[in-house]
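Under the numbering used here, the first residue of the sequence shown is numbered 1, with each subsequent residue one higher.
C-beta atoms are modelled at their ideal positions from N, C-alpha and C, and glycine is treated no differently.
Here the structure comes first, spelled out in structure tokens, and everything after it is commentary.
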Amino acid sequence: MRSLAGLVAIAAVASVYLYLLSTCLPPGPRKVKGESEGVQEYRLKFPSDLDELRELAHTLKFYEREHYGYVLLLYCSAYLYKQSFAIPGSSLLNMLAGAIFGPWLGLALACVCSTAGSTLCFLLSSAFGKQYVVYLFPETVAMLQRKVEENHSSLFFFLLFLRFFPMTPNWTLNITCPVLNIPMSIFFFSVLIGLIPYNFICVRTGSILSKISSLDDIFSWSTLAQLLAIALMALVPGALIKHCSKDCLKVDSNGTSQAEIKNARKRQ
1 MRSLAGLVAI AAVASVYLYL LSTCLPPGPR KVKGESEGVQ EYRLKFPSDL DELRELAHTL
61 KFYEREHYGY VLLLYCSAYL YKQSFAIPGS SLLNMLAGAI FGPWLGLALA CVCSTAGSTL
121 CFLLSSAFGK QYVVYLFPET VAMLQRKVEE NHSSLFFFLL FLRFFPMTPN WTLNITCPVL
181 NIPMSIFFFS VLIGLIPYNF ICVRTGSILS KISSLDDIFS WSTLAQLLAI ALMALVPGAL
241 IKHCSKDCLK VDSNGTSQAE IKNARKRQ
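Pasting the structure below:
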């Protein structure tokens with residue numbers, strides 16, 4: 001119970017900090033709604049469709065020009081919060097990075113924040129949650145433990161493989177790695193390198209979608225060509241790691257170990 005109380009206390013402090021940071025906004029842009037409605041200020045919220053994404057990107061673009069440090073701190077804090085406490089949904093923040101900061105700076109921020117946040121999640125799980133992870137995800141832990149033992153001699157490439165071709169969500173992998181006794185250095189660099197394709201797709205897509213004025217623009221030749229190029233470039237690292245590691249990793253194309261295939265055949 002002591003470890004659970006410590007985790008809850010850290011989560012509470014982080015939640016209060018993020019709430020205060022998001023509510024103590026500097027002067028923002030104003031939007032004229034009409035003579036009867038008067039002038040209203042934009043309000044920050046997570047977007048649920050393309051129009052809201054573009055509106056939020058426009059708002060934060062204003063803050064970036066006038067209060068760059070605030071926008072950077074708010075974005076990094078929100079990203080680290082979600083990653084540290086294993087909250088799914090980092091793709092939206094990656095898309096916002098592309099819409100606000102552009103494709104290349106956005107990609108750098110997404111890679112740094114995802115790596116730092118995953119490492120904080122690793123540390124929190126190691127310090128407070130090992131027993132709870134085993135209790136809540138016994139099958140996942142057992143499956144990953146078998147595969148780690150089978151690929152012990154090429155552990156780094158195996159973790160890269162899991163990031164490129166995830167058998168479990170990334171947040172699940174972050175909280176289970178301490179239970180599997182994965183060294184932090186191997187974990188850190190596998191996240192940093194392994195999430196580049198995923199981050200690139202999300203950031204570049206956000207950069208493109210933020211400039212689209214209607215859904216019809218998505219099907220323009222220029223937009224389709226850019227999205228196709230993104231997809232092809234994202235496939236290259238995964239294909240390379242899969243080709244280079246197929247002789248040393250004991251997984252097939254579906255992420256199933258050869259030992260599990262043999263056992264399944266014996267049971268048939």
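*Is there contact here, the segment 71-78 with the segment 157-165, by at least three beta-carbon pairs under 8 Å?*
no
*Proximity of Leu124 and Leu18 at Cβ, strictly below 8 Å*: Here residue 124 corresponds to residue number 124 of the sequence shown, with the count starting at 1. Here residue 18 corresponds to residue number 18 of the sequence shown, with the count starting at 1. It is not a contact, given that the beta carbons lie outside the stated cut-off.
*Selection from Leu155, Met184, Thr23, Ala110 that minimises the alpha carbon distance to Tyr70*: The residue you call residue 70 lines up with position 70 of the sequence shown. If we check each option's Cα against that of Tyr70, Thr23 comes out closest.
*Does the distance from the C-beta atom of Phe187 to that of Phe137 stay below 8 Å?*
To locate residue 187, count along the sequence shown from 1; it is residue 187. To locate residue 137, count along the sequence shown from 1; it is residue 137. In this structure, Phe137 does not lie closer than 8 Å to Phe187 by Cβ.
*Looking at the unbroken alpha helix (DSSP H) that takes in Ile121, where does it start and where does it end?*
Within the sequence shown, residue 121 is the residue found at index 121, counting from 1. As written in the sequence, residue 121 is Cys, which differs from the Ile given in the question. Per DSSP, the unbroken alpha helix (DSSP H) holding Cys121 starts and ends at 103-124.
*To which residues of the same chain is Pro88 closer than 7 Å at the C-beta, ignoring the five residues directly before and after it?*
By one-based count along the sequence shown, residue 88 stands at place 88. So the list reads Pro169, Trp171, once near-sequence residues are dropped.
*Would you kindly check if the distance between the Cβ of Ser84 and the Cβ of Gly117 is under 8 Å?*
Counting from 1 along the sequence shown, the entry for residue 117 is found at position 117. Counting from 1 along the sequence shown, the entry for residue 84 is found at position 84. Yes, the Cβ-Cβ distance between Gly117 and Ser84 is below 8 Å.
*asked:* Three Cβ pairs or more, each shorter than 8 Å: is that satisfied between the segment 177-187 and the segment 196-209?
replied: no
*asked:* For Trp104 and Gly98, I'd like the C-alpha separation in whole angstroms.
replied: Counting from 1 along the sequence shown, the entry for residue 104 is found at position 104. Counting from 1 along the sequence shown, the entry for residue 98 is found at position 98. The C-alpha of Gly98 is placed about 8 Å away from the C-alpha of Trp104.
*Over what stretch of residues does the alpha helix (DSSP H) that includes Ser77 continue unbroken?*
Position 77 of the sequence shown, counting from 1, holds the residue named residue 77. Segment 68-84, the alpha helix (DSSP H) holding Ser77.
*Would you identify the three-state DSSP class for Thr168, choosing helix, strand or coil?*
Within the sequence shown, residue 168 is the residue found at index 168, counting from 1. DSSP places Thr168 in coil when its eight states are reduced to three.
*For Arg146, the nearest candidate out of Tyr132, Thr176, Ser126 (CA to CA)*: As a position in the sequence shown, residue 146 is number 146, starting the count at 1. The shortest Cα separation from Arg146 among Tyr132, Thr176, Ser126 belongs to Thr176.
*Measure the alpha-carbon distance for Ala5 versus Leu72 and round it to whole angstroms.*
Start at 1 with the first residue of the sequence shown, and residue 5 comes out as number 5. Start at 1 with the first residue of the sequence shown, and residue 72 comes out as number 72. Roughly 31 Å between the two C-alpha positions.
*Can the beta-carbon of Val134 be found less than 8 Å from the beta-carbon of Val179?*
Numbered from its first residue, the sequence shown carries residue 134 at position 134. Numbered from its first residue, the sequence shown carries residue 179 at position 179. A contact, by the Cβ cut-off of 8 Å.
*Give me the Cα-Cα distance between Thr115 and Leu159, rounded to the nearest whole angstrom.*
Here residue 115 refers to the residue found at position 115 of the sequence shown. Here residue 159 refers to the residue found at position 159 of the sequence shown. Whole-angstrom Cα-Cα distance: 14 Å.
*According to DSSP, is Leu4 helix, strand or coil?*
If you number the sequence shown from 1, residue 4 lands on position 4. Helix at Leu4.
*asked:* Can you tell me whether Tyr68 is buried or exposed? The criterion is at least 16 other CB atoms within 10 Å of its CB, across all chains shown.
replied: For the purposes of this step, residue 68 is identified with residue 68 of the sequence shown, where counting begins at 1. Looking at its Cβ environment, which holds fewer than 16 other Cβ atoms inside 10 Å, Tyr68 is exposed.
_Residue range of the alpha helix (DSSP H) that includes Pro138_ = To locate residue 138, count along the sequence shown from 1; it is residue 138. Element bounds for Pro138: 138-150.
_Here's the rule: buried if 16 or more other CB atoms are within 10 angstroms of the residue's CB, otherwise exposed. What is Ala127?_
For the purposes of this step, residue 127 is taken as the residue at position 127 of the sequence shown. Of the other Cβ atoms in all chains shown, fewer than 16 fall within 10 Å of the Cβ of Ala127; this residue is therefore exposed.
*Going by other Cβ atoms of all chains shown within 10 Å of its Cβ, with 16 needed for buried, is Leu20 buried or exposed?*
Sequence index remark: in the sequence shown, residue 20 carries index 20 (1-based). By the neighbour-count rule (16 or more Cβ atoms within 10 Å), Leu20 is not buried but exposed.
*asked:* Quick check: the Cα distance between Ala142 and Ala11, rounded to an integer number of angstroms?
replied: Working through the sequence shown from its first residue, we reach residue 142 at position 142. Working through the sequence shown from its first residue, we reach residue 11 at position 11. The alpha-carbon atoms of Ala142 and Ala11 are separated by roughly 28 Å.
*asked:* Short of 7 Å in beta carbon distance, which residues of its chain neighbour Ser190, apart from the five on each side in sequence? Order them along the chain.
replied: Taking the first residue of the sequence shown as 1, we reach residue 190 at position 190. Answer for Ser190: Phe156, Leu159, Leu160, Arg163, listed in chain order.
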